[in-house]
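So for the sequence shown, my numbering puts the first residue at 612; every next one is plus one. This report concerns only the one structure given below.
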Amino acid sequence: MSVAAACGFLLGLSGCGDPAPQSHLNSAISHVVIIFQENRSTDNLFQDPVLIARGADIAGSGVNSHGETIPLAPIPLANTYDLSHTHPAFEDMYDNGKMDGADLVPKICYHAGCPPNAAFRYVSPSDVQPYFSLAEQYTFADRMFQTNEGPSYPAHQFILSGTSAPSPGSNLFEAENPFNIGFSPVGCTVPLSETVAMIDPAGVETVKMYPCFEHETMTDLLDLSGITWRYYSPIAGSIWTAPNSIRHMCEPTGVNGVLVCDSYEWNHKVIISKTQVLTDIASGNLANVSWVIPTGQASDHAAANNGSGPSWVAQVVNAIGNSPYWANTAIFITWDDWGGWYDHVPPPKVLKDCTEWGCGYVYGFRVPLIVVSPYAKAGYISHVTHDFGSILHYIEQNFGLGSLGYADAYADDLSDCFDYSQKPLTFHTINAPLDAAYFLSDKSPATPPDDD
């Protein structure tokens, strides 16, 4: 059976092992902010000597399909080529756990071409110093894995819902980005000709479905408990704007012959803006739970970003850290998928026991995770296995919610990253090349995902 065999924790099915144990309700945190960047593996983005000296598992070389050791070489954050990060590219690089197939990952070369050993690269430390500063001061996790084994579209469904299944009880889930998207909208507002490949328990992508699904999301649990939330995204129909693909969050409505989302949630809680998260923090309007999605320019996505991502993240964190919200906020900074870049750590199986759905589901590759909070452990390296479900599980535990029963139910709740008995950490402004005024005054259109 393929490593993509879909077990029930992704799909809301039973009989897939015991859920992770429940933990304490933490009343010290009343605000959670999820900053979701794009397409970087842990080895690629965090060649930080300070973290490495503290024991972070970061490799400086890798092995290719010929058994050759390839030193990782530096590359700018705003590089000029991309790498495939589809499910087949995952299979190539994973190679049944040998992690020796990065040279087989297809390259997407533009006018400047692709260098040799294109996947065996790391981002120049000078380009990502704000990330290093955050990771060194607070908690850095070197065993954070994306839940899915493919690209951005399903990954964004997981960070919202803990699943990419089309409906409760389905034995399919989204595997890829929708077909023929280019820069077009996706989700419940696209023509019926648009489809997305679904993967089945055997790891086969033979079924294609319209990319508009219906199941419970984390926002439903929050609404039931009166917990406020907002989802900030600069483009309504982006593959990074997960609510557009959930029917009850979108409620597609025809306006002048064009489908648009028109639900109460969409009109009041999904914020289509590049920078409103900054002004909401400044004006005291931060919701209890916030998802923060970048523009293409600030996304860190290969061949699509302009190098501003570390500054963007730093300014969101600075806005919180220099406000009254700092005292009761937990910020999770992570990346939606590995982007095709080499990483040396084979993802573990989520489940060990064999069931009718297979003998364990394998996570996707490692992505970085930084936990920032006055109660985050200072200078701590977490070696505990986490995934996107861990962030959802944390929210559930923190606010005393029920469980979605998807990836959240089988993930840990990030308890090792916090110490609520410690003296709250004092916030120190994160230095970054671009300040908040740069983003607030930038009137250029947000570029959409160029996610092949």
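Glycine included, every Cβ here is placed at the ideal spot set by N, Cα and C.
Give me, in chain order, the residues of the same chain whose beta-carbon lies closer than 7 angstroms to that of residue i; leave out the 5 immediate sequence neighbours on both sides.
{"i": "Ile851", "result": "For the sequence presented, residue 851 should be read as Trp rather than Ile. Within the same chain, Trp851 has close Cβ partners Ser763, His767, Ser844, Ile904 and Pro1060."}
{"i": "Thr906", "result": "Pro845, Lys885, Ala1057 and Thr1058"}
{"i": "Ile1041", "result": "Pro741, Ser744, Leu745, Ala925, Val928 and Asn929"}
{"i": "Phe794", "result": "The pLDDT assigned to Phe794 is 48, lower than 50, so where the model puts this residue is not dependable, and the model offers no usable value."}
Taking the alpha carbon of residue i as the point to measure from, which residue in the options has its own alpha carbon closest?
{"i": "Ala930", "options": "Pro959, Ala909 and Val888", "result": "Val888"}
{"i": "Asp654", "options": "Ala752, Leu1051 and Ser804", "result": "Ala752"}
{"i": "Leu1036", "options": "Thr996, His879, Asn728 and Gln748", "result": "Gln748"}
{"i": "Gly814", "options": "Cys872, Lys1034 and Glu702", "result": "Glu702"}
{"i": "Leu694", "options": "Gly761, Ala639 and Ala746", "result": "Gly761"}
{"i": "Leu897", "options": "Gln908, Gly932 and Ser1001", "result": "Gly932"}
{"i": "Pro959", "options": "Ala1018, Phe976, Asp706 and His1004", "result": "Phe976"}
{"i": "Ala1020", "options": "Ala730, Val973 and Ser772", "result": "Ser772"}
{"i": "Tyr1031", "options": "Asp1053, Ala989, His1004 and Pro1056", "result": "Ala989"}
{"i": "Pro985", "options": "Ala1022, Gly951 and Cys1028", "result": "Cys1028"}
{"i": "Gly671", "options": "Ser910, Ile944, Val956 and Leu715", "result": "Val956"}
{"i": "Glu785", "options": "Ser778, Val807, Pro727 and Val801", "result": "Val807"}
{"i": "Pro822", "options": "Thr830, Glu816, Leu833 and Glu805", "result": "Glu805"}
{"i": "Trp840", "options": "His879, Val869 and Ala853", "result": "His879"}
{"i": "Ala938", "options": "Ser910, Ile944, Gly1000 and Lys1034", "result": "Lys1034"}
{"i": "Asp947", "options": "Leu803, Gln1008, Ser934 and Asn759", "result": "Asn759"}
{"i": "Val961", "options": "Gly951, Val973 and Gly950", "result": "Val973"}
{"i": "Val995", "options": "His1039, Ser1026, Asp711 and Tyr721", "result": "Ser1026"}
{"i": "Ser781", "options": "Pro812, Cys720 and Glu649", "result": "Pro812"}
{"i": "Ala730", "options": "Arg651, Pro699, Pro802 and Thr945", "result": "Arg651"}
{"i": "Ile942", "options": "Ser638, Val644 and Ile640", "result": "Val644"}
{"i": "Thr1065", "options": "Leu1015, Asn728 and Gln908", "result": "Residue 1065 is absent from the model: the chain starts at 612 and stops at 1063."}
Give the secondary structure of residue i by DSSP, where H, G and I count as helix, E and B as strand, and everything else as coil.
{"i": "His698", "result": "helix"}
{"i": "His767", "result": "helix"}
{"i": "Tyr692", "result": "strand"}
{"i": "Gln648", "result": "strand"}
{"i": "Glu825", "result": "coil"}
{"i": "Thr890", "result": "helix"}
{"i": "Cys1028", "result": "helix"}
{"i": "Trp949", "result": "coil"}
{"i": "Ala684", "result": "strand"}
{"i": "Val797", "result": "coil"}
{"i": "Ser772", "result": "helix"}
{"i": "His912", "result": "coil"}
{"i": "Ala1048", "result": "helix"}
{"i": "Thr940", "result": "strand"}
{"i": "Asp1053", "result": "coil"}
{"i": "Val956", "result": "coil"}
{"i": "Ser804", "result": "coil"}
Measure how close the beta-carbons of residue i and residue j come, nearest whole angstrom, since I'm counting them as under 8 angstroms.
{"i": "Phe824", "j": "Ile857", "result": "6 angstroms"}
{"i": "Asn855", "j": "Gly798", "result": "3 angstroms"}
{"i": "Ala1043", "j": "Ala925", "result": "4 angstroms"}
{"i": "Tyr953", "j": "Thr774", "result": "Their Cβ separation, rounded to whole angstroms, is 28 angstroms, which puts Tyr953 and Thr774 out of contact at 8 angstroms."}
{"i": "Leu1051", "j": "Ser922", "result": "Going by Cβ atoms, the distance from Leu1051 to Ser922 rounds to 12 angstroms, so no, they are not a contact pair."}
{"i": "Ile882", "j": "Tyr842", "result": "7 angstroms"}
{"i": "Arg665", "j": "Ile892", "result": "Arg665 to Ile892, Cβ: 30 angstroms. No contact."}
{"i": "Glu1007", "j": "Leu832", "result": "7 angstroms"}
{"i": "Pro1022", "j": "Asp998", "result": "Checking the sequence, you will find Ala at residue 1022 rather than Pro. The pair is a contact, with the Cβ atoms about 5 angstroms apart (cut-off 8 angstroms)."}
{"i": "Tyr705", "j": "Gly712", "result": "7 angstroms"}
{"i": "Trp572", "j": "Gln757", "result": "This structure cannot speak to residue 572, because the chain is shown only from 612 to 1063."}
In chain order, what residues of the same chain have a beta carbon less than 6 angstroms from the beta carbon of residue i, not counting five sequence neighbours either side?
{"i": "Thr940", "result": "His642 and Ile931"}
{"i": "Ile838", "result": "Asn899 and Phe1010"}
{"i": "Cys725", "result": "Tyr692 and Lys718"}
{"i": "Phe790", "result": "Thr806"}
{"i": "Asp668", "result": "Asp753"}
{"i": "Asn788", "result": "Pro762, Tyr764, Ile850 and Asp1062"}
{"i": "Ala853", "result": "His767, Gln768 and Leu771"}
{"i": "Phe1038", "result": "Gly932 and Trp937"}
{"i": "Asp873", "result": "Glu862 and Thr864"}
Using beta carbons (cut-off 9 angstroms, strictly below), is residue i in contact with chain B?
{"i": "His994", "result": "Going by chain labels, chain B is absent from the structure shown, which holds only one protein chain."}
Taking 8 angstroms as the limit between beta carbons, can you name the residues of its chain near residue i, skipping five residues before and five after?
{"i": "Ala746", "result": "Phe657, Asp659, Leu662, Pro979 and Ile981"}
{"i": "Ser735", "result": "Pro685, Ile686, Pro687 and Leu688"}
{"i": "Gly918", "result": "Pro687, Leu688, Ala689 and Asp738"}
{"i": "Pro777", "result": "Leu783, Phe784, Glu785, Met809, Met820, Phe824, Glu825 and His826"}
Can you determine whether any heavy atom of the ligand SAM sits closer than 8 angstroms to the C-beta of residue i, and answer yes or no?
{"i": "Asp706", "result": "This structure lacks the ligand SAM, and indeed carries no ligand of any kind."}
Task: Inter-stretch contact at 8 angstroms, needing at least 3 Cβ pairs: the region 908-928 / the region 689-707 - done: yes
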